[in-house]
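Student: The structure is given below, and queries will be raised subsequently.
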Ligand SMILES: [Zn+2]
């Protein structure tokens, strides 16, 4: 089947300020990869202004979603992304239509772009100013207090909405790749480098279930035994774990009825933490 248009949802990021904008495109007859950032830059006036100031080379254009001919999906995906990020001062989108409220009007609910935020968004003037901004942003990104602030609780239905919007939608290779590119090099969790190394330090030399030290010298299996021997040891280790699990008794979550031998998983996701718990 040949479609007349090849819609897609995208994000444009200003690599210098870190500001970004979500949009969708519905009129292109060329595939997104030949359209976005080439024929079509954005629907954002702010981004257009910034492109003039910073130069096109300062922007990253990423296709987030493409490959099916259902314009609504692109639209709602974009709206959900905006809803998720609109309170972030770096998010340049100003409004969204909330599928939960099902409003016919553009919802301004949750728009946090106060005068103070606007002032923060004013563009840096000099090369030096930009550099300082970049440095301070990098420092900020490592600040645990700042990271904690960023981790806002999601609206309960958010995950369900995104999931419903994308249900049954086959992802193209390009889509997968762009999702991967967007995440590349980003931290996936709240764990800072210093926290991670503190955890590693506290576990060093601790005994495993086999009763043998994991790495008495702070070395990996590979460093201690060589690659081949390490592989053998790891296989032994997982066989041992399998044996322990096999002899374990099954436990049942009283809330949802899930049965498992993995006490750790059951404790983490069921019993008091069970989704079905009332
Ligand atoms: Zn459960």
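In my numbering, the protein residues as written are 2 to 279. All C-beta atoms, glycine included, are put in the ideal place defined by N, C-alpha and C.
Indicate whether residue 42 and residue 49 have their beta-carbon atoms separated by less than 8 Å.
Tutor: On the chain shown, position 41 is the one that residue 42 refers to. On the chain shown, position 48 is the one that residue 49 refers to. Result yes, Cβ atoms of residue 42 and residue 49 sit closer than 8 Å.
Student: To the nearest whole angstrom, what separates the beta carbons of residue 64 and residue 22, a pair I think is in contact under 8 Å?
Tutor: For the purposes of this step, residue 64 is taken as the residue at position 63 of the chain shown. For the purposes of this step, residue 22 is taken as the residue at position 21 of the chain shown. At roughly 14 Å, the Cβ-Cβ gap does not stay under 8 Å, so residue 64 and residue 22 are not in contact.
Student: Alpha carbons only, please: which of 229, 262 and 233 is nearest the one belonging to residue 244?
Tutor: Counted from its first residue, the chain shown places residue 244 at position 243. Among 229, 262 and 233, the Cα nearest to that of residue 244 is on 262.
Student: Consult DSSP for residue 6 and reduce its assignment to one of helix, strand or coil.
Tutor: Position 5 of the chain shown, counted from the first residue, corresponds to residue 6. If DSSP states are grouped into helix, strand and coil, residue 6 belongs with coil.
Student: Which residues share a DSSP beta bridge with residue 320?
Tutor: Past the edges of the chain, shown from 2 to 279, lies residue 320, and the structure says nothing about it.
Student: Does the distance between the C-beta of residue 259 and the nearest non-hydrogen atom of ligand 1 fall short of 7 Å?
Tutor: In the chain shown, counting from the first residue as 1, residue 259 sits at position 258. Checking the Cβ of residue 259 against ligand 1 gives yes.
Student: Skipping 5 residues on each side, what residues in its chain have a beta carbon closer than 6 Å to that of residue 117?
Tutor: On the chain shown, position 116 is the one that residue 117 refers to. Summary for residue 117: the model assigns pLDDT 49, below 50, so the residue's position carries little reliability; its value from the coordinates is reported in the next sentence. The answer is none, since no qualifying residue turns up.
Student: Any heavy atom of ligand 1 inside 7 Å of the beta-carbon of residue 254?
Tutor: Along the chain shown, read from residue 1 onward, the residue named residue 254 stands at position 253. Residue 254 Cβ: within cutoff of ligand 1.
Student: Rounded to whole angstroms, what's the CA-CA distance from residue 81 to residue 168? Just pull it up for me.
Tutor: Counting from one through the chain shown, the residue named residue 81 turns up at place 80. Counting from one through the chain shown, the residue named residue 168 turns up at place 167. So the alpha carbons of these two residues sit roughly 14 Å apart.
Student: Give the C-beta separation of residue 38 and residue 55 to the nearest angstrom, bearing in mind that I take them to be a contact with Cβ-Cβ under 8 Å.
Tutor: Translated into positions along the chain shown, residue 38 becomes position 37. Translated into positions along the chain shown, residue 55 becomes position 54. The pair is not a contact, with the Cβ atoms about 14 Å apart (cut-off 8 Å).
Student: Where residue 44 and residue 165 are concerned, what is the direct C-alpha to C-alpha distance, given to the nearest angstrom?
Tutor: Within the chain shown, the letter at position 43 stands for residue 44. Within the chain shown, the letter at position 164 stands for residue 165. Near 26 Å, if we compare the C-alpha coordinates of residue 165 and residue 44.
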